[in-house]
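Okay, structure first, notes after.
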Amino acid sequence: MKKTPVPPGQSNWQPPEQAGFFSEQQGQGSGLAGSSDLAHYHGHRERLRNRFRDGGDGSLADYEILELLLFRLIPRRDTKPIVKALLDRFGTLSGVFGAQPALLQEVKGIGEAVALDLKLIAAIAHRTLKSELRGKQVLASWSSVIEYCHAAMAHETREQFRILFLDKRNALIVDEVQQTGTVDHTPVYPREVVKRALELSATALILVHNHPSGDPTPSRADIDMTKTIIDTAKPLGITVHDHIIIGRDGHASLKGLRLI
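Counting with full-length UniProt numbering, you get residues 1 to 260 for the letters of the sequence shown.
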């Protein structure tokens, strides 16, 4: 392969982050705007950065926050149309960050690298919420529990059955996804739930699962399954505090609904 001559004093080397990280986005540059358009959106970017710097996130709307992020991920394109397409497709910021990478890539302007970066940011946010629960009495931080579970499960396309295992102080030991099922069903085995609780020396549980339909209303099967786990765990000194069902726009608590 013929190499292009390098002028004296110059090098072919690029820092890895420049040579690799943005390579895909730069490769999409066939749609780059003219010089006047470039100046326009660069000025727009600077104004958004200044507003965020001076006023924090409260000074920007959701679409502007997302646009500000995409400035970093897609540095050589006007990101306004991409932000609009993302929010039209997924509805909210939560919907964007909760979407599967393959679905994100169906939006024009979002390549694999950007989709993975969005999922990385979502993972960091999820772990941040989880860290807020560690070492605390979970029942005294109920809003944090709901926020964490919503971030973890609300936009999953299949049902997941998750358990928060608690110690005798009701502090979180660990949370685990026990089963992943279909769009409307997850198999749950009460004996396996209790067995795992005993392995972890947990004395209390919070059960959580999601409804990919978006509606968190508990089904008859949800209620019956919860009661079976309660009956299996109680003789062994393990308490089931609640069963939370997560939907895209809310949640349901079986205890709050007086169903258990």
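Cβ coordinates follow ideal geometry from the N, Cα and C atoms, glycine included.
query: Three-state secondary structure (DSSP) at residue 144?
result: In the three-state reduction of the DSSP assignment, residue 144 falls in the helix class, which pools H, G and I.
query: What's the gap between the Cα of residue 197 and the Cα of residue 239?
result: 10 Å
Environment of residue 249 [buried if 16+ CB atoms lie within 10 Å]: exposed
Contact belief for residue 200 with residue 173 at Cβ below 8 Å, rounded distance in angstroms: 5 Å
- prompt: Using DSSP with H/G/I as helix, E/B as strand and the rest coil, what is residue 76?
  reply: coil
- prompt: Are the beta-carbon atoms belonging to residue 194 and residue 236 less than 8 Å from one another?
  reply: yes
- request: Answer yes or no: do residue 260 and residue 149 have a C-beta to C-beta separation smaller than 8 Å?
  value: no
message: Could you tell me which whole alpha helix (DSSP H) segments of length 4 or greater appear in the UniProt domain "MPN" (138 to 260)?
response: 142 to 153, 190 to 199, 220 to 233
task: Please report how far the alpha carbon of residue 56 lies from the alpha carbon of residue 191, in whole angstroms.
output: 49 Å
message: Using DSSP's beta-bridge definition, name the partner residues of residue 134.
response: DSSP output for residue 134 lists 172 as bridge partner(s).
message: Let me make sure I understand the geometry here. Which of 217, 157, 74 has the alpha-carbon closest to that of residue 116?
response: 74
field: Buried versus exposed, by CB contacts within 10 Å (16 or more), residue 216
entry: buried
- prompt: Is the stretch 134 to 143 in contact with the stretch 162 to 177, if contact means three or more CB pairs nearer than 8 Å?
  reply: yes
Spatially closest choice to residue 79 from 48, 184, 120, by CA coordinates: 48
field: Cut-off 8 Å between Cβ atoms - residues of its own chain near residue 62, not counting five sequence neighbours on either side
entry: Around residue 62: 87, 92, 93.
- request: Can you grab the Cα-Cα spacing for the pair residue 141 / residue 133, in whole Å?
  value: It is roughly 7 Å from the alpha-carbon of residue 141 to the alpha-carbon of residue 133.
message: I'd like the list of long-range same chain contacts for residue 71, defined as Cβ closer than 7 Å, with 5 residues on each side in sequence excluded.
response: 45, 79
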